[in-house]
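Engineer:
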Amino acid sequence: MTFVTRLTLQSGDRAALEGIVDDIKTTAERKGAELKGPHSHPPTDISVPQHCRLHADDDRHFTSWNYTVFTRELEIHGHDNLARNIAEQDFPDSVHIEAEVEQIHGAGRGN
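For the sequence shown, the numbering used here assigns the number 229 to the initial residue and increments by one for each residue that follows.
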């Protein structure tokens, strides 16, 4: 039985995101782990309206706050300790990481 750890990294700071992804790739290669990715998703442009006041009757607005979020996805097959160590790292505040673990059963095996 093998575990697949899917890491999704998101950031508005593209350089920081690419640096973290490169570090993960280098670590996985050094440890001999099977790594798929990074898979790039199209950037997401987000626009956040900004109200001048918190009062509900005030319709005045500042210019919307616009920013772009970049997303990279990687998969680590096996190497559970490596995946755990990567997911537990202290990443910069500008980088958000999610880890999803899936258990894969070998072919021909019953449940």
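Even for Gly, the Cβ is constructed at its ideal location relative to N, Cα and C.
Should the region 254 to 271 be regarded as contacting the region 293 to 308, the criterion being three or more beta carbon pairs within less than 8 Å?
Structural biologist: Yes, since at least three Cβ pairs between the region 254 to 271 and the region 293 to 308 fall closer than 8 Å, the two stretches touch.
Engineer: Taking H324 and Q238 to be in contact with their CB atoms under 8 Å, please state how far apart those CB atoms are, rounded to whole angstroms.
Structural biologist: Yes, H324 and Q238 are in contact; Cβ-Cβ is about 5 Å, under 8 Å.
Engineer: Going by DSSP in three states, E326 sits in which element: helix, strand or coil?
Structural biologist: DSSP places E326 in strand when its eight states are reduced to three.
Engineer: According to DSSP, is G247 helix, strand or coil?
Structural biologist: G247 falls in the helix class under three-state DSSP.
Engineer: D273 bridges to which residues according to DSSP?
Structural biologist: DSSP lists T296 as partners of D273.
Engineer: Count the other CB atoms, across all protein chains shown, that sit within 10 Å of the CB of A243; report buried if there are 16 or more and exposed otherwise.
Structural biologist: Its Cβ having fewer than 16 others within 10 Å, A243 is exposed.
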